DNA sequence: GAATATATTTAGCAACGCTAATTAAAAGGC
DNA sequence: GCCTTTTAATTAGCGTTGCTAAATATATTC
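So this is what it looks like as structure tokens:
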């Protein structure tokens, strides 16, 4: 569980590190005044432009009825808006309100700044290594 | 949001990458037959030895009543056991059963193997960079 | 035009989060 | 040695977030 001589050992440590990292920054979300499912869905809405409910559910790895209710809540809180797609009137297009964008960006900023404060403990060389690793990890995760 | 000239940009990308990584491996948990809160608590119980309920709740960033119920479920499923601490009879000590240990390790293995399969797409040099970045990130996160 | 497929919602249930209040044991003050 | 206060856990009751099954409305296909 400690040595990283195999790819599987490295995967184990990378996995644990990702868990710890998100657990660390999650503490900042208390100040956001919005639950985790809503915050996460709002993120996809803000950065993914107008989205259909099905696509949004898929992106969040959640079933459509679950997402329908989350969007209800986001609408009730004035953070997102539904309007029917005119090309296919069965479907809805969901987009963020100005308030939704600002709530999301502030929440994200809190997390990121908190994490950045930790990273500043490291040397330039160490930061460069993380930068390069982030690129590699994203490459490994591309298309399934 | 794209360039990484500042520590904050790097934190942003690292944060996003961690989210995507965990979202990727989470798909494997469907086969575990146990909810995420229980699985995560079981992990602390297995690797953190016998723990009090309060400590377990703190480790999982959850309130004691929530953890009490999760431990109820783990006991009902035969994955963990409570017994009262003899030094302080208000407190309980929670530990994993043999079945709890095996359920956790299999679940973890599924996640880790899935992630390892993705990492094998990378070169040795890229894996070395990730290895080194993991160490740096853990260093940055040490003690708060 | 009828049958089928697709997008979303509604209904109802389980798991997980919370706060407030209760119970039981330990620790401290006098 | 009592009596108060503190601490550990649980119970009660509520809101959110996950699911499946069924309903509704629109598109598509034959």
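Residue numbers (the numbering used here), protein chains in the order written: chain V, 1 to 144; chain Y, 1 to 144.
We put the CB at the ideal spot given by N, CA and C, even for glycine.
It should be emphasised that the depicted structure is a prediction, and the values quoted were computed from it without experimental measurement.
TODO: Quick one: list the residues of chain Y neighbouring residue 130 of chain V, beta-carbon separation under 7 Å, in chain order.
DONE: Indexing the first chain from 1 puts residue 130 of chain V at position 130. 10, 14, 133, 136, 137, listed in chain order.
TODO: Check whether the Cβ atoms of residue 45 of chain V and residue 96 of chain V lie closer than 7 Å to each other.
DONE: The residue given as residue 45 of chain V occupies position 45 in the first chain. The residue given as residue 96 of chain V occupies position 96 in the first chain. In contact: residue 45 of chain V and residue 96 of chain V (Cβ atoms closer than 7 Å).
Open item on the list: For residue 21 of chain V and residue 18 of chain Y, what's the separation of their Cα atoms in angstroms?
Closed with: Residue 21 of chain V sits at position 21 when you count from the first residue of the first chain. Residue 18 of chain Y sits at position 18 when you count from the first residue of the second chain. So the two alpha carbons sit approximately 8 Å from each other.
Open item on the list: Could you tell me the alpha carbon to alpha carbon distance between residue 41 of chain Y and residue 74 of chain Y, rounded to whole angstroms?
Closed with: Reading the second chain from its first residue, position 41 is the one you call residue 41 of chain Y. Reading the second chain from its first residue, position 74 is the one you call residue 74 of chain Y. If you take the alpha carbons of residue 41 of chain Y and residue 74 of chain Y, they lie about 9 Å apart.
TODO: May I have the straight-line CA-CA distance separating residue 4 of chain Y from residue 120 of chain V, to the nearest angstrom?
DONE: The residue you call residue 4 of chain Y lines up with position 4 of the second chain. The residue you call residue 120 of chain V lines up with position 120 of the first chain. In this prediction, residue 4 of chain Y has a pLDDT of 49, which is less than 50 and means its spatial position is unreliable; what the coordinates show is noted afterwards. About 14 Å.
Task: Residues near residue 115 of chain Y in its chain [Cβ-Cβ closer than 8 Å; skip 5 each side] - done: Taking the first residue of the second chain as 1, we reach residue 115 of chain Y at position 115. Correct list, in chain order: 21, 24, 25.
TODO: Please look up how many angstroms separate the CB atoms of residue 129 of chain Y and residue 16 of chain V, rounded, as I've assumed it's under 8 Å.
DONE: Position 129 of the second chain holds residue 129 of chain Y. Position 16 of the first chain holds residue 16 of chain V. At roughly 18 Å, the Cβ-Cβ gap does not stay under 8 Å, so residue 129 of chain Y and residue 16 of chain V are not in contact.
Open item on the list: Under 7 Å, Cβ to Cβ, is there at least one residue of chain V near residue 120 of chain Y?
Closed with: Your numbering for residue 120 of chain Y matches position 120 in the second chain. Yes - at least one Cβ of chain V is within 7 Å of the one on residue 120 of chain Y.
Task: DSSP three-state assignment for residue 7 of chain V, whether helix, strand or coil - done: Here residue 7 of chain V refers to the residue found at position 7 when the first chain is read from its first residue. In this structure, residue 7 of chain V counts as helix in the three-state DSSP scheme.
Task: Interface residues of chain V facing residue 7 of chain Y [CB-CB closer than 8 Å] - done: Residue 7 of chain Y sits at position 7 when you count from the first residue of the second chain. Here the neighbours are 116, 119, 120, 127.
Task: Backbone CA spacing between residue 139 of chain Y and residue 102 of chain V [nearest angstrom] - done: Translated into positions along the second chain, residue 139 of chain Y becomes position 139. Translated into positions along the first chain, residue 102 of chain V becomes position 102. If I take the Cα positions, the gap works out to 32 Å.
- [ ] Would you decide whether residue 106 of chain V is buried or exposed? Buried here means 16 or more other CB atoms lie within 10 Å of its CB.
- [x] Position 106 of the first chain, counted from the start, is the residue given in the question as residue 106 of chain V. Residue 106 of chain V is exposed by the Cβ-count criterion.
Open item on the list: DSSP has residue 103 of chain Y in a bridge; who is on the other side?
Closed with: As a working note, residue 103 of chain Y is residue 103 in the second chain. Residue 103 of chain Y pairs with nothing; no bridge assigned.
Task: Cβ-based burial, residue 43 of chain V [other Cβ within 10 Å; buried from 16] - done: Counting from 1 along the first chain, the entry for residue 43 of chain V is found at position 43. Residue 43 of chain V should be labelled buried.
Open item on the list: Can you check which of these residues, V:83, V:33, V:89, V:136, is closest to residue 50 of chain V by C-alpha distance?
Closed with: The residue you call residue 50 of chain V lines up with position 50 of the first chain. The residue with the shortest Cα to Cα distance from residue 50 of chain V is V:83.
Open item on the list: Which residue marks the beginning of the beta strand (DSSP E) containing residue 96 of chain Y, and which one marks its end?
Closed with: Working through the second chain from its first residue, we reach residue 96 of chain Y at position 96. Taken as a continuous stretch (DSSP letters only), the beta strand (DSSP E) holding residue 96 of chain Y covers 92 to 96.
Open item on the list: Quick check on this structure: which residue in V:34, V:126, V:68 has the alpha carbon closest to the alpha carbon of residue 146 of chain V?
Closed with: One cannot answer for residue 146 of chain V here, as it falls past the ends of chain V, which runs 1 to 144.
Task: Neighbourhood of residue 85 of chain Y by C-beta, 6 Å cutoff - its chain only, sequence neighbours within 5 removed - done: Residue 85 of chain Y sits at position 85 when you count from the first residue of the second chain. Excluding sequence neighbours, residue 85 of chain Y sits near 91, 93.
Task: Interface residues of chain Y facing residue 112 of chain V [CB-CB closer than 7 Å] - done: Here residue 112 of chain V refers to the residue found at position 112 of the first chain. Residues of chain Y passing the Cβ test: 8, 11, 12, 15.
Task: Beta-carbon neighbours of residue 80 of chain V, restricted to chain Y and to distances below 7 Å - done: By 1-based counting over the first chain, the position of residue 80 of chain V is 80. Simply none; closest approach about 20 Å.
TODO: Determine the DSSP secondary structure at residue 81 of chain Y, reduced to helix, strand or coil.
DONE: Taking the second chain and counting its residues from 1, one reaches residue 81 of chain Y at position 81. Correct three-state label for residue 81 of chain Y: strand.
Task: Chain-ordered neighbours of residue 61 of chain V on chain Y, where CB pairs are closer than 9 Å - done: For the purposes of this step, residue 61 of chain V is identified with residue 61 of the first chain, where counting begins at 1. What residue 61 of chain V touches in chain Y: 23, 26, 27.
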